[in-house]
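Going letter by letter, the sequence shown gives residues 8 to 484 in our numbering. No residue lacks a Cβ here, since even glycine has one placed at the ideal position from N, Cα and C. Just so you know, these numbers come straight off a predicted model, no measurement behind them.
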Amino acid sequence: MNLESHKYDAVVVGAGPNGLAAAITLARAGCSVLVVEAKETIGGGLRSAELTLPGFKHDICSAIHPLGIGSPFFRSLPLAEHGLEWIHPAVPVAHPLDDGTAVLLDRSIDTTGAMLGRDGAAYRRLMEPFAIHWSALTDDTLGPFPLPPRHPFLMARFGLRALRSARGLAESLFKTEPARALFAGIAAHSIMPLEQPLTAAFGLVLGIAGHAVGWPLPRGGSQQIAGALGSYLASLGGEIVTGTPVESVDQLPPARAILLDVTPRQLIHLAGEQLPASYLRRLQDYRYGPGVFKVDLAIDGPIPWRAEACLGAGTIHLGGTLVEIAAGEQAVWRGEHPERPYVLLTQQSLFDDSRAPAGKHTVWAYCHVPNGSTVDMTGRIEAQIERFAPGFRDRILARSVKSTQDLEQYNANYIGGDINGGVQDLRQLFTRPTLRLVPYSTPNKKIYLCSSSTPPGGGVHGMCGYHAAQAVLRRVL
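Structure, rendered in structure tokens:
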């Protein structure tokens, strides 16, 4: 397609979940939209491929999607009609311990509480008020900055807990190590030291999601989410061009608005000549966080967990106690590589037989590392799995590893392996990428940012793209 032959209301650069969400929002409003994607397939962090052996389908980046199924925007789309089917493991999350047991986040708050013994009542008091109001909670926690909350009393109650550190909240509420470890494993998705303020918010939102909507996986791989989004966009008249890298916004066809699903570093590269020097200086101060080191494995049979309950869980958090997880995450923040890293692991093929040949399985796992790390963490990740599943290594048939550099080469938004589009702490969650009344806008009235480097931040939920498109509709179209 000749990009110079058409004029559009909006052109979106990048076909990740946020770029597609922005395009869909605009197309639903009756706008003509073009999405330009550098890679040959759409998806960004939503792609799947045979990374190890033929017949073993691995999710290259994101794998489990509590915010995907729980997103207010995605809930409004007929994605099932476009081929998306969610699979819910029997247990959303398992956290094995060194004594051979595992603590579980069950879909039922009561069941989870019962497993936590004397911490059960405290757990129920923490989660239940928010789980029953999940839709209202996500309206505000995933809402646009700086609008006031639609549910102020609920958000005030949530904020009293969410603004705390994950470690502080867990140690003040729970008396037993299993309960503290469960919350620590969930909160460590923040990719920040668990002693930092706001890390409790990650543990709360993801934990509440486990009870309210689950932690599901898409049948056939995460690519199916992108496929459904792309199919729905096409049904609305939107256009997508793949295999077309963009080096400057000047390459794009005439349009009334340009939305960029990129981080600040690429924004400077793509549109620096169109933006004032003062704004560019603020973009240069944007902080990227730790990266990830990822391992995909093809294995001969299920992981032999000592705690058999782990076989019912889609997601496993490996790292032992709260103290151990907190120490490892603090070390990463200091630029170090822990010997026993916190590991996030998923085992999709236990629940989706399209992922591997009969009797075989896939393993998806990563740990946090300093931004731009060149250290090979394969052995340490596999040792953490072996720690809780003796004999695991004997089942490995093949492996594929991705360093921080590999991940950035695969997806230019993963600067130094940072999969969240920048640090998500108090300084840079609501004011990402810079402090502006409308953070999706730039000083150029035509150029907008719609990536995870805008509120509400990282995760496959499409809300950054949705809010950016809403800003464009209010201000430009």
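Using the beta-carbon count (16 or more within 10 Å), is residue i buried or exposed?
| i | result |
| --- | --- |
| LYS452 | exposed |
| ASP106 | exposed |
| VAL20 | buried |
| PHE160 | exposed |
| SER459 | buried |
| ASP360 | exposed |
| MET8 | Confidence in MET8 is poor, its pLDDT being 46 and thus under 50, which makes the residue's placement unreliable; the coordinate value appears in the next sentence. Exposed. |
| ALA405 | exposed |
| SER179 | exposed |
| LYS14 | exposed |
| PRO345 | buried |
| GLU280 | exposed |
| ALA121 | exposed |
| HIS72 | buried |
| GLU415 | buried |
| HIS368 | buried |
| GLY366 | exposed |
| HIS196 | buried |
| LEU227 | Note that residue 227 is Gly in the sequence shown, not Leu. GLY227 should be labelled buried. |
| HIS276 | exposed |
| LEU41 | buried |
| GLY342 | exposed |
| LEU240 | buried |
| ALA87 | exposed |
| GLN354 | buried |
| LYS268 | Note on residue identity: the sequence assigns Asp, not Lys, to residue 268. Buried, since its Cβ has 16 or more Cβ neighbours within 10 Å. |
| GLY250 | exposed |
| LEU167 | exposed |
Relative to the C-alpha of residue i, which candidate in the options has its C-alpha closest?
| i | options | result |
| --- | --- | --- |
| VAL467 | ILE426, ARG439, LEU436 | ILE426 |
| ARG272 | PRO283, ILE265, LEU287, LEU304 | LEU287 |
| SER242 | MET470, HIS474, PRO462, ALA30 | ALA30 |
| SER255 | ASP146, PRO96, LEU282, ARG406 | LEU282 |
| THR183 | ALA216, GLY428, GLY124, GLY386 | GLY124 |
| PHE165 | LEU211, ALA177, LEU180 | LEU211 |
| GLY50 | VAL350, GLN337, GLN230 | GLN230 |
| PHE399 | ALA87, GLY298, GLY308, THR148 | GLY308 |
| HIS95 | SER356, GLY386, ARG434 | SER356 |
| ARG439 | ASP401, ARG294, GLU336, LEU480 | ARG294 |
| ALA28 | GLU47, ALA36, PHE80 | PHE80 |
| ILE215 | ASN25, PRO99, LEU277, MET470 | PRO99 |
| GLY77 | TRP222, ALA169, TYR373 | TRP222 |
| LYS46 | THR118, ALA208, ARG434, PRO252 | PRO252 |
| VAL370 | GLY386, THR322, PRO397, GLN291 | THR322 |
| ARG394 | PRO348, PHE437, THR353 | PRO348 |
| SER380 | VAL350, ILE422, LEU352 | ILE422 |
| ALA334 | ALA188, GLY429, GLY428, LEU436 | ALA188 |
| ALA36 | GLY244, ALA278, PRO151 | GLY244 |
| GLY464 | GLN337, GLY296, TYR373, VAL248 | GLY296 |
| ARG171 | ALA70, VAL248, ALA208 | ALA208 |
| GLU92 | GLY217, LEU351, PHE358, CYS457 | PHE358 |
| GLY90 | LEU111, GLY234, GLY175 | GLY234 |
| ILE116 | GLY175, THR108, ALA109, GLU135 | GLU135 |
Give the C-beta separation of residue i and residue j to the nearest angstrom, bearing in mind that I take them to be a contact with Cβ-Cβ under 8 angstroms.
| i | j | result |
| --- | --- | --- |
| ALA219 | ALA320 | In fact, because the Cβ distance is near 17 angstroms, the residues do not count as touching under 8 angstroms. |
| LEU205 | ASP432 | 6 angstroms |
| LEU325 | ILE392 | 7 angstroms |
| PRO364 | VAL339 | Going by Cβ atoms, the distance from PRO364 to VAL339 rounds to 36 angstroms, so no, they are not a contact pair. |
| CYS68 | ASN420 | CYS68 to ASN420, Cβ: 10 angstroms. No contact. |
| LEU224 | PRO24 | Not really, about 15 angstroms apart at Cβ, beyond 8 angstroms. |
| TYR455 | LEU266 | 5 angstroms |
| ALA396 | ILE306 | Contact doesn't hold; Cβ gap of about 10 angstroms is too wide. |
| ILE198 | HIS65 | Not a contact, Cβ separation roughly 21 angstroms. |
Would you say the beta carbon of residue i comes nearer than 7 angstroms to a heavy atom of the ligand MN?
| i | result |
| --- | --- |
| ARG406 | As for the ligand MN, it is missing from this structure, which has no ligand bound. |
Q: Identify every run of the alpha helix (DSSP H) within the region 304-340, keeping only runs that are complete inside it and at least 4 residues long; order them along the chain.
A: 329-340
Q. In chain order, which continuous runs of the beta strand (DSSP E) of length 3 or greater are located wholly inside the region 229-275?
A. 246-248, 262-267
Q. Do the region 261-276 and the region 55-75 touch if we need at least three Cβ pairs shorter than 8 angstroms?
A. no
Q: Give, in chain order, every unbroken run of the beta strand (DSSP E) that is at least 3 residues long and sits entirely within the region 373-410.
A: 403-409
Q. Can you find at least 3 beta carbon pairs, one from the region 311-318 and one from the region 89-104, that sit closer than 8 angstroms?
A. yes
Q. Which ranges would you report for the alpha helix (DSSP H) in the region 65-97 if only whole runs of at least 4 residues count?
A. 73-77, 79-82
Q. Counting Cβ pairs closer than 8 angstroms, one from the region 141-149 and one from the region 120-129, do we hit at least three?
A. no
**Q.** At least three beta-carbon pairs within less than 8 angstroms, the region 187-199 to the region 328-345
**A.** yes
Q) With a cut-off of 8 angstroms, do at least 3 Cβ pairs link the region 296-303 to the region 403-411? A) yes
Q: Tell me, please, whether the region 471-481 touches the region 431-448 by the rule of three or more beta-carbon pairs shorter than 8 angstroms.
A: yes
(Q) Which complete beta strand (DSSP E) runs does the region 414-482 hold, if anything under 3 residues is left out? (A) 454-456
Q | 4 or more residues per run - each alpha helix (DSSP H) lying fully within the region 179-235 | A | 184-194, 206-219
Q) Considering only residues of the region 119-154, which uninterrupted alpha helix (DSSP H) runs meet the minimum length of 4 residues and lie entirely inside it, listed in chain order? A) 127-138, 141-148
Q) At which residue ranges does the region 15-48 contain complete beta strand (DSSP E) runs of 3 or more residues, listed in the order of the chain? A) 15-20, 40-43
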